[in-house]
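Protein chains in written order, with my numbering: chain A, 1 to 410; chain B, 1 to 380; chain C, 1 to 147; chain D, 1 to 152.
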């Protein structure tokens, strides 16, 4: 199979809660322009495009159609990918197969979200509301005071079940979630493309934020952001002709499961903290990348963590440490930017969340770390191999991408 | 391309009102297909969905559809466009060598909504077109039809006859949701105008439905079927969003997509090499526009082509199945065209069977007036 | 940067005519009157779904074998709510566990009473407190209490 | 898998998505122009194309259209359709009376503007007819300030 690498990255100038000046295509075009400027490439160099977002969040159906003129897409094949929170990485994977198949040589990926144009809570509730309303017909008490009525507060409620299950089975405490959130807010302060930043955050300051639904506090939760991310992927042969620096993709995998904590009408068969699809996808990606011991071979990890406990939980599910060990790494300072096992130096999703870009930024941030181009949030240790993780759906889709500083030997 | 990819089998179902749920339809289609082929869900390496949140009234529309498609704890993704694009993705995954088989699942229960036109409403620029309220799927189709008729000086009789031909073909086809025995141009002319020259019977019916299609590598094809249909070529392209900057009488992006698909398939003269076409003409006047762009006859040749050549028994049948005027299950329509072509290529199309079926061209569209188009060439 | 005007629109999913799968839930409701939990079992892998389903996730086959499930079970995970669904603070924090009933493989959400929030733990044994007058509604299952 | 209607729940879902779209800098200026009964367009610095309403990008050139300019209020009717129905949130309703929608090429512009047209008969001679903009008596920078076109 052909080697595929990332040869260019572009972001909107900022990721913030509200872009009040531009409309949707105008905002996306900023990231496309930035990517072309960063690489010195032009639209004529790009064979095909992959586009991703969650379109009910800003109310434009298949927005690549409206945006086509603004993103230099005319006359090109454009494929729109959407898999919920994991959309951004699913789009990277689609671009990878465009090239690995031999169909195309250079593919641009464009992902965005402009969450200020919709109501993100409504958007998330929109995943399960018809099922909840059916349960209402069956006698559920939506006030949540009796019966099966405890749908404790939308997505934070379902997530609380996951976090509690994780804590109970890992030995970590709520103070570790506080500590993880604080670490990522501090990292975000070093990243110009992060949204929620706090250079002085500590576990204690996070612990002061109110409990929403135990063990989830306000300070553990991601923001809603406006922003766009663009990347260009190329075959090994083409990359050599076009650019000097490439972050290589060694193995990708994804896995779907049952919609945990949502499909109550038919019974949920998965522990929301078990994350079996993550374990399966990681195993597959390691196999494809020829990685035998991820703990030793992976230098850097970017995890999709809409909620801070997920950084710890997914480190374990990805095999980056033993079950019950992640919070000990946190306590030892190993997860810090200058640590032994740095994670989410970008600040993670918990600091910046323009949903369509969230899983894609995990890949682009790994690429920047490999290329040594992460600026102030560049980690101290050398990064030869990195792992990007994406998560979405109703807690059931997982994507994994392994990147490296050299092409994979066949 | 060093590998060949085959369509091993399909299941499809379309009707004007299906009394079912998305989960049940997904299970029925995929279980049925697996039974047809004598396999189970573990045979499938990856599943690619084509569904749309705006059709289903749900964020992440396929969020409950993975297990009923057999994708529990399996590799899965979604292309949120017409399903023919999902086929292209599946093809690329198999070509990469990482996969031997890919299941496509495309569906929509259009009856959930007030009307299918709502779906296109939300593709429009909310900062301009939606505020003005003049542009919609039907007014755009009316302008496109008028542009085509004026360009070549055709009368409305031509598009009435095209609609009638499709409705006649659809009546012969048990997989269609709607048809009209012995429909004539005169019958079509009796249906009311929506946006002149577009009449009610020029348009697709609101359709519930979906399909499941299994793609496999050459190695696997022999295990599953004696009649594999091969994917010979594919192409896709998008043109400007702005209707006021397109020549509506032509389909530029279909032409670009077709050029790519024919090049890949090694077809230099589609007029002679292609035996028949299944095109996603959602409105009868789109059919000749798309066929010209597919290179099946020259611009301005529609009147001659519809003198009989394009009929089921003609020299280059177009939509012998009856096309989307018989059923338009949004997201699945392009794959319905594909399945109809597979039927023909296998010689299983019954009363719709064309005389010569060795090479077929299949088309799908997304957006207003076919802004984005996908073309696939199939062969026996 | 120049702020530009906002135009509004709605997407009215309230006008949608949803059909939602109900075979399993209706079957479960039918047992509630008699204070029984009725699930569905897959004959191949023996997974018991509650509420039932028309197919098995794991085996991808149609299933239809009704089985009774115990109304005693184990807390698998829980959350403690401090606000109602509209965000208004509750008078007292509310404990909401997910419970796996004995003889079944799926987890069900509910409310746990008769225990202080600080005393709840994963692995705790609980049972259903049934309503006196049962009507075949989810309301018949009032809440969970410690075993 | 035959199923009967009683196998399903058919819930009403009291959840409507509300969207607040930013119109962006170009449509903002277009609507500001309406306050002075001006029709603004954008010009591509590369190919010289003039697009109305104005927008940020020229698709074929992939260049920003930096220049805003006023175009004529007169032009020619290039294409039209007679509407017999209205679509309201997807629902098709009969129109009170047939009405014309036209694609109009304003003098000085390269794109066609979709607008209502009054006073033109749909027969031969309609295509290519010269038309001019008719404004509402009171304009306030609203989308509907430019009411329709009529024969010039």
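In this text, a Cβ means the ideal position worked out from N, Cα and C, and glycines have one as well.
Quick check: the Cα distance between residue i and residue j, rounded to an integer number of angstroms?
{"i": "residue 189/A", "j": "residue 67/C", "result": "56 angstroms"}
{"i": "residue 94/C", "j": "residue 13/C", "result": "31 angstroms"}
{"i": "residue 132/B", "j": "residue 59/D", "result": "23 angstroms"}
{"i": "residue 375/B", "j": "residue 91/B", "result": "13 angstroms"}
{"i": "residue 126/B", "j": "residue 283/A", "result": "44 angstroms"}
{"i": "residue 112/C", "j": "residue 47/A", "result": "58 angstroms"}
{"i": "residue 15/A", "j": "residue 340/A", "result": "29 angstroms"}
{"i": "residue 170/A", "j": "residue 318/A", "result": "14 angstroms"}
{"i": "residue 70/D", "j": "residue 152/B", "result": "34 angstroms"}
{"i": "residue 79/D", "j": "residue 129/D", "result": "10 angstroms"}
{"i": "residue 148/A", "j": "residue 136/A", "result": "With a pLDDT of 45 at residue 148/A, under the threshold of 50, the predicted position of this residue should be treated as unreliable, though the coordinate-derived value follows. Rounded to whole angstroms, residue 148/A to residue 136/A spans 10 angstroms at the Cα level."}
{"i": "residue 50/C", "j": "residue 105/C", "result": "8 angstroms"}
Between residue i and residue j, how many whole angstroms is the CB-CB distance? I'm expecting something under 8 angstroms.
{"i": "residue 39/C", "j": "residue 22/C", "result": "With a Cβ gap of about 15 angstroms, residue 39/C and residue 22/C do not count as contacting."}
{"i": "residue 39/A", "j": "residue 8/A", "result": "4 angstroms"}
{"i": "residue 71/C", "j": "residue 37/C", "result": "6 angstroms"}
{"i": "residue 204/B", "j": "residue 142/B", "result": "With 8 angstroms as the limit, residue 204/B and residue 142/B do not qualify as a contact, their Cβ atoms being about 15 angstroms apart."}
{"i": "residue 95/B", "j": "residue 290/A", "result": "Contact flag wrong, Cβ pair sits at about 22 angstroms."}
{"i": "residue 128/B", "j": "residue 69/A", "result": "Rounded, the Cβ-Cβ distance is 13 angstroms, inconsistent with contact."}
{"i": "residue 145/C", "j": "residue 114/C", "result": "5 angstroms"}
{"i": "residue 179/B", "j": "residue 161/B", "result": "Their Cβ separation, rounded to whole angstroms, is 16 angstroms, which puts residue 179/B and residue 161/B out of contact at 8 angstroms."}
{"i": "residue 261/B", "j": "residue 233/B", "result": "4 angstroms"}
{"i": "residue 389/A", "j": "residue 172/A", "result": "Not really, about 18 angstroms apart at Cβ, beyond 8 angstroms."}
{"i": "residue 54/A", "j": "residue 13/D", "result": "About 19 angstroms; that fails the 8 angstroms criterion."}
Per DSSP, residue i is paired with what?
{"i": "residue 236/B", "result": "374/B"}
{"i": "residue 8/C", "result": "20/D"}
{"i": "residue 76/D", "result": "105/D, 130/D"}
{"i": "residue 154/D", "result": "In this structure chain D extends from 1 to 152, so residue 154/D is not present and cannot be described."}
{"i": "residue 209/B", "result": "14/B, 108/B"}
{"i": "residue 307/A", "result": "221/A"}
{"i": "residue 254/A", "result": "399/A"}
{"i": "residue 72/C", "result": "127/C"}
{"i": "residue 101/B", "result": "216/B"}
{"i": "residue 146/C", "result": "126/C"}
Does the ligand SAH have a heavy atom nearer than 6 angstroms to the CB of residue i?
{"i": "residue 320/B", "result": "Ligands are entirely absent from the displayed structure, and the ligand SAH is therefore not among its contents."}
Should residue i and residue j be called a contact, given that it needs their Cβ atoms to be closer than 7 angstroms?
{"i": "residue 345/A", "j": "residue 377/A", "result": "yes"}
{"i": "residue 140/B", "j": "residue 369/B", "result": "yes"}
{"i": "residue 370/A", "j": "residue 405/A", "result": "yes"}
{"i": "residue 327/B", "j": "residue 378/B", "result": "no"}
{"i": "residue 368/A", "j": "residue 374/A", "result": "yes"}
{"i": "residue 104/D", "j": "residue 75/D", "result": "yes"}
{"i": "residue 138/A", "j": "residue 238/B", "result": "no"}
{"i": "residue 276/B", "j": "residue 354/B", "result": "yes"}
{"i": "residue 44/C", "j": "residue 59/C", "result": "yes"}
{"i": "residue 54/D", "j": "residue 40/D", "result": "yes"}
{"i": "residue 396/A", "j": "residue 257/A", "result": "yes"}
{"i": "residue 36/D", "j": "residue 141/D", "result": "no"}
Going along the chain, which residues of its own chain have a beta-carbon closer than 6 angstroms to the beta-carbon of residue i, five neighbours each way excluded?
{"i": "residue 155/D", "result": "A query on residue 155/D cannot be resolved here, the shown segment of chain D reaching from 1 to 152 and no further."}
{"i": "residue 301/B", "result": "none"}
{"i": "residue 254/B", "result": "290, 293, 373"}
{"i": "residue 308/A", "result": "177, 180, 181, 220, 350"}
{"i": "residue 59/A", "result": "118"}
{"i": "residue 229/B", "result": "7, 342, 345, 378"}
{"i": "residue 123/A", "result": "56, 57"}
{"i": "residue 299/B", "result": "292"}
{"i": "residue 77/B", "result": "48"}
{"i": "residue 222/A", "result": "306, 349, 350, 353"}
Who are the near neighbours of residue i in its chain, counting only those whose CB is closer than 7 angstroms to its CB and skipping five residues on each side?
{"i": "residue 191/A", "result": "346, 347, 377"}
{"i": "residue 81/D", "result": "101"}
Hey, does residue i have any beta-carbon neighbour from chain E nearer than 7 angstroms?
{"i": "residue 67/C", "result": "In summary, chain E is missing from the structure at hand, where the protein chains are A, B, C and D."}
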